[in-house]
Each structure stands twice: as C-alpha cells, then as structure tokens.
Amino acid sequence: MKTKILEEFKTRFGTEPSLYASAGRINLIGEHTDYNGGFVFPGAIDKVIMSAIAPNDTEKVRVFSIDINEYAEFGLNEDDVPPQSWARYIFGVCREILKRGGTVKGFDAVFAGNVPLGAGLSSSAALESCFAFALNDMFNANSIDKFELAKIGQSTEHNYCGVNCGIMDQFASVMGRKGKLMRLDCRSMEFEYFPFASDDYELILVDSRVKHELADSPYNKRRASCERVAKRLGLETLRDATIDMLDSIRTDITAEDYFRAKFVIEEKDRVLAVCDALNKGDFETVGAKMYETHKGLSKDYEVSCEELDFLNDVARECGVTGSRIMGGGFGGCTINLVKKDLRDKFIETAKEKFKEKYGHEPKVYPVVISDGAHKVEE
Ligand code: GAF
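Sequential numbering of the sequence shown, starting at 4, is according to our numbering.
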C-alpha cells in the first residue's frame, strides 16, 4: 500500500510527501453508550487509511483516492464543500481545524486503505484521524492535543457528513495503542489502557457483508430517542439514569423510547462488569456479557439484521465464548471471543452455514490490536 501511494503521489504531484496513517477500530463492549455519556471499550486495529501529503503553496487541496479512483479539488472556505462524499471527510477536517483557530494551507494528498468499507470498522474515523493528525503535524507543529484531534473528526461527522456520532471511533483511531484496549468514560473523557492478551482466547471478526451506512440511517433516530428520555428524566444524558428511574416514567414515553433507553442503561453497566472480569482473567463472564449485548442490540435497540443474528446463533451453537454485533449496527461484523482451539472449527462452520443460507461466505478478520494515528517512517 505504501509503495502504491508513494508512486501515485510522485506521478500526480512530483513533490516529496510525508506519510501518515490512522486505524480502524474494534469495540469489545459498550455500544451506543458514547453519545449517552457512558463507557466504551475500543481498540485500534491493524487496518488503516494511509495518506501521502505535502503542502502545495496554494489555497487549494488536491486529493486522489486510490481505492475509489477519483480526484477531488477544493478550497478551504466554508462554501467550498466538495461534491464527492468521500472528500467531505477531508474538507470537514480542514474546516474544523480552521474553526478552532488552527492553520491549514493548500496541500496535495494521495490516500488508500485496507479498512473494509461499510463493515462497521470505522473507515471514516480512520480517514478523518489520518488527515487531522497529518494537518496538525504539517501546519500546526502538533499544537492541537490528541483528544481535540478526535473531536475534530467527530465534528466533521456532525457538520459535514450527517452522522450525529459519539466520540468512540475517532478516539480509538487517534489514541489506539498496540496490544491495548481502552476503557473510555465518555462523560469525563478519562481513559485507561487495558492489555488484551491471552494464551487461550482470541478475537475474530465475522463480516456479514451487509453494508452498514450510518449517514441518513436510523442511527440518528436512536440518539434522538435517548436524548428524549434523558430530558424527560431531567438529566443531561442517560449516564445517570437507572432502570427504576426509567420504569417510573414508562407510561409517559413511547414503548420504543423505553426499550432504547433500557438497552443503554444496561449496556453501561456491562462495560464495567467486563473490565472487572478482564482484570480477573474471567473470559467466560466477558463472553456472557457480549451475548447479552447482542440480545439488547437486536431486540431492544433494534440495530441488528437477520444475517448478524444468524451469525450470533452460529457462534453460540459452536460454543464460542462471546459474540455480538459490533459498532453502530445495521450490518457489518460480529465480534467473537473464541477459544484458540475452537478457532478453525468456528470459522469453517460460520462460513459453511452462512453460505448455505445466504449464498456467499462471510469475510473473516483476526483482530490485531495496533497503534492509532501516526507518521509512517519511510
Ligand atoms: C458508530 C458511531 F460512530 C460511534 O460513535 C458509536 O456510537 C457506535 O456507532 C455505536 O457504539 O460507530
């Protein structure tokens, strides 16, 4: 990928670029809790968006996407928004840095990636974080702190891409560290690195290949439900809500809002339970919580789909320790906590059964927990 990017850059622009990369993410547990002030437990993975970038002494950004095979060119003013949806992520990052008083000048860029698109592994956060990190290094002497870089990516989603996401994906993409998951408190923004290494277990992603797309999806509606319930309870977010509090207003809210909030309140506690269990090396409890999350996401939060429920059932039938839909939902991957000696059998069975039912195999990716945004040494 690196060579391909550098060659393309040389052919198109002929100057000497620097290389930057940022990662996709997994999340062990804590789904749809970030925008509710709750806890999440993500990590960066070994799949990245990488870009060659060089200032071009103009006021224009000229950028080529190798994977989409498209070129975009835009200015840096608010009304210069490019028509290509992929370019809006980069435009948004530039604008968000400028809005915060940072510096962005014209630059040339060529980028590519191996984060599967639409698989719920946050390729968009990887793209935003790669450019936020690069522009901070290139034009701002790294004066913007890393949390702010994550927020720049998040604001890009809100203001230029139509997704009212939380902070988890950009946080993981920027702050990720090799071999470590991170427990983030999305209210205080305090976080802790947790080593994730086991001789007996590994994490495997099974991609249903149902494309997940958050823009214009019911994702924003889920968030609105949570905000309505929090407001009704007189709270800023559902972070401080309990099931008893929710039950006390049950007749005043819609059944739909009730079940959305119920999931979030329960999920918040599951993250903490999983951290305790991990500290004790109790992977059985971690796995049990993952199955609970899947059930909640499927039945109460309603962000699963038939294919993901099927993959979850197959995992359970195979004796996989934990399995659940991962990320925003509406397609994408399940994340599976699998005993190493069951690994091959599980993958084989999942592929076989899925193909029998849906006519094609799911894709399978082993999880390698890796570093987040960084400058790539040549
Ligand atoms: C998506 C969002 F971008 C995240 O902020 C988070 O809400 C996630 O869905 C669900 O946990 O990835």
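Where is the CB? At the ideal position from N, CA and C, for every residue including glycine.
All figures in this text were calculated on a predicted structure; none of them were measured in a lab.
Exercise. Using the beta-carbon of each residue, find all residues closer than 5 Å to any heavy atom of ligand 1 and list them in chain order.
Key: Screening all residues for a C-beta within a distance smaller than 5 Å of any heavy atom in ligand 1 leaves Glu34, His35, Asp37, Cys168, Gly169, Met171, Asp172, Gly330, Gly331, in chain order.
Exercise. Leaving aside the five residues before and after Ser126 along the sequence, list all residues of the same chain whose C-beta is less than 8 Å from its C-beta, in chain order.
Key: On the sequence shown, position 123 is the one that residue 126 refers to. So the list reads Gly27, Ile52, Gly116, Val118, Pro119, Leu120, once near-sequence residues are dropped.
Quiz item: Nearest to Met179 by alpha carbon, out of Ala129, Glu76, Cys164?
Solution: Residue numbering aside, residue 179 sits at position 176 when the sequence shown is read from its first letter. Reading the sequence as shown, one finds Gly at residue 179 and not Met. Ranking Ala129, Glu76, Cys164 by Cα distance to Gly179 puts Ala129 first.
Exercise. Would you kindly report the start and end of the unbroken beta strand (DSSP E) that includes Asn282?
Key: Translated into the one-based positions of the sequence shown, residue 282 becomes position 279. DSSP places Asn282 outside any beta strand (DSSP E); the residue lies instead in the alpha helix (DSSP H), whose first and last residues are 258-282.
Practice problem: Measure how close the beta-carbons of Gly325 and Leu340 come, nearest whole angstrom, since I'm counting them as under 8 Å. | Solution: The residue you call residue 325 lines up with position 322 of the sequence shown. The residue you call residue 340 lines up with position 337 of the sequence shown. Gly325 to Leu340, Cβ: 4 Å. Contact.
Exercise. Please look up how many angstroms separate the CB atoms of Ala112 and Ile56, rounded, as I've assumed it's under 8 Å.
Key: Within the sequence shown, residue 112 is the residue found at index 109, counting from 1. Within the sequence shown, residue 56 is the residue found at index 53, counting from 1. About 5 Å separates the two Cβ atoms, so the contact holds.
Quiz item: Per DSSP, Gly116 forms a beta bridge with which residues?
Solution: To locate residue 116, count along the sequence shown from 1; it is residue 113. According to DSSP, which records beta bridges pairwise, Gly116 is partnered with Ile52.
Quiz item: Taking the Cβ atom as the reference point for each residue, do Pro58 and Phe94 lie within a distance shorter than 7 Å?
Solution: Residue 58 sits at position 55 when you count from the first residue of the sequence shown. Residue 94 sits at position 91 when you count from the first residue of the sequence shown. Not in contact: Pro58 and Phe94 (Cβ atoms no closer than 7 Å).
Quiz item: Ends of the beta strand (DSSP E) at Ala292?
Solution: What you label residue 292 is simply residue 289 of the sequence shown in a count that begins at 1. Before going further, note that residue 292 is Lys rather than Ala in the sequence given. First-last for Lys292: 286-298, but that is the alpha helix (DSSP H), not the beta strand (DSSP E).
Quiz item: Which whole-angstrom value is the C-beta distance of Thr36 and Glu270, which I expect to be below 8 Å?
Solution: Looking up residue 36 in the sequence shown gives position 33. Looking up residue 270 in the sequence shown gives position 267. With 8 Å as the limit, Thr36 and Glu270 qualify as a contact, their Cβ atoms being about 5 Å apart.
Quiz item: Just the Cα atoms here: how many angstroms apart are Ile155 and Ala135?
Solution: Position 152 of the sequence shown holds residue 155. Position 132 of the sequence shown holds residue 135. Straight-line Cα distance between these residues: approximately 7 Å.
Exercise. Have a look at Leu101 and Tyr304 and give me their C-alpha separation to the nearest angstrom.
Key: For the purposes of this step, residue 101 is taken as the residue at position 98 of the sequence shown. For the purposes of this step, residue 304 is taken as the residue at position 301 of the sequence shown. Roughly 37 Å between the two C-alpha positions.
Quiz item: Closest by CA to Asn30, which one among Phe44, Glu19, Thr18, Tyr38?
Solution: Looking up residue 30 in the sequence shown gives position 27. Closest by alpha carbon: Phe44.
Exercise. Figure out for me which residue from Asn315, Glu193, Gly290 has the closest Cα to the Cα of Ala276.
Key: To locate residue 276, count along the sequence shown from 1; it is residue 273. Minimum Cα distance to Ala276 is reached at Gly290.
Exercise. Report the option in Val317, Glu19, Gly375 whose CA atom is closest to the CA atom of Lys348.
Key: Here the question's residue 348 lines up with position 345 in the sequence shown. Considering only alpha carbons, the answer is Val317.
Exercise. Go through its chain and collect everything with a Cβ distance to Phe150's Cβ below 7 Å, but skip five positions before and after it.
Key: By one-based count along the sequence shown, residue 150 stands at place 147. If we look at Phe150 and ignore the five residues flanking it on each side, its Cβ neighbours are Met192.
Quiz item: Between the segment 192-210 and the segment 364-371, are three or more C-beta pairs nearer than 8 Å?
Solution: Yes, they touch.
Practice problem: Name the residue from Ile372, Asp82, Leu124 whose alpha carbon lies nearest to the alpha carbon of Phe197. | Solution: Residue 197 sits at position 194 when you count from the first residue of the sequence shown. Its Cα nearest to that of Phe197, the residue Ile372 stands out among Ile372, Asp82, Leu124.
Practice problem: For the beta strand (DSSP E) holding Leu236, just list the boundary residues, first then last. | Solution: Within the sequence shown, numbered from 1, the residue matching residue 236 stands at position 233. Note, Leu236: premise wrong, no beta strand (DSSP E); not H, not E.
Practice problem: In angstroms with no decimal places, state the Cα-to-Cα distance between Val177 and Phe42. | Solution: For the purposes of this step, residue 177 is taken as the residue at position 174 of the sequence shown. For the purposes of this step, residue 42 is taken as the residue at position 39 of the sequence shown. For Val177 and Phe42, the distance between alpha carbons rounds to 17 Å.
Practice problem: For Val81, name the three-state secondary structure that DSSP assigns. | Solution: Taking the sequence shown and counting its residues from 1, the one referred to as residue 81 is at position 78. Going by the sequence as given, residue 81 is Glu instead of Val. Helix at Glu81.
Exercise. Decide yes or no for the touch test of the segment 295-310 against the segment 329-337: beta carbon pairs closer than 8 Å, at least 3 of them.
Key: Segment contact: the segment 295-310 against the segment 329-337, three or more CB-CB distances shorter than 8 Å; contact assigned.
Quiz item: Under 7 Å between the Cβ atoms of Phe194 and Leu184?
Solution: What you label residue 194 is simply residue 191 of the sequence shown in a count that begins at 1. What you label residue 184 is simply residue 181 of the sequence shown in a count that begins at 1. In this structure, Phe194 sits away from Leu184, with a CB-CB distance that is not shorter than 7 Å.
Quiz prompt | The alpha helix (DSSP H) enclosing Asp172, as first and last residue numbers | solution = Along the sequence shown, one-based indexing puts residue 172 at 169. First-last of the alpha helix (DSSP H) with Asp172: 171-178.
Self-check item: From Ile338, Val84, Ser88, Gly46, residue whose alpha carbon lies closest to that of Ala376
Solution: If you number the sequence shown from 1, residue 376 lands on position 373. Sorting Ile338, Val84, Ser88, Gly46 by C-alpha distance to the C-alpha of Ala376 places Gly46 at the top.
Quiz prompt | Alpha carbon of Ile71 to alpha carbon of Lys13, nearest angstrom | solution = Working through the sequence shown from its first residue, we reach residue 71 at position 68. Working through the sequence shown from its first residue, we reach residue 13 at position 10. If you draw a straight line from the Cα of Ile71 to the Cα of Lys13, it is about 18 Å long.
Quiz prompt | Per-residue burial, Glu381 [other beta carbons within 10 Å of its own, 16 or more giving buried] | solution = For the purposes of this step, residue 381 is taken as residue 378 along the sequence shown, with counting starting at 1. Under this definition Glu381 is an exposed residue.
Exercise. Hey, could you find the ends of the beta strand (DSSP E) Cys308 is sitting in?
Key: Counting from one through the sequence shown, the residue named residue 308 turns up at place 305. For Cys308, there is no enclosing beta strand (DSSP E), since its DSSP letter is neither H nor E.
Quiz prompt | Three-state secondary structure assigned by DSSP to Phe44 | solution = Counting from 1 along the sequence shown, the entry for residue 44 is found at position 41. Phe44: coil per DSSP, three-state reduction.
Quiz item: To the nearest angstrom, how far is it from the Cα of Phe174 to the Cα of Lys7?
Solution: Position 171 of the sequence shown, counted from the start, is the residue given in the question as residue 174. Position 4 of the sequence shown, counted from the start, is the residue given in the question as residue 7. Each residue's alpha carbon lies about 28 Å from the other.
Quiz item: For Pro198, which beta-bridge partners are listed by DSSP?
Solution: On the sequence shown, residue 198 is found 195 positions in, with the first residue counted as 1. Answer is Lys183.
Quiz prompt | Span of the alpha helix (DSSP H) around Gly95 | solution = Counted from its first residue, the sequence shown places residue 95 at position 92. Its alpha helix (DSSP H) spans residues 88-102.
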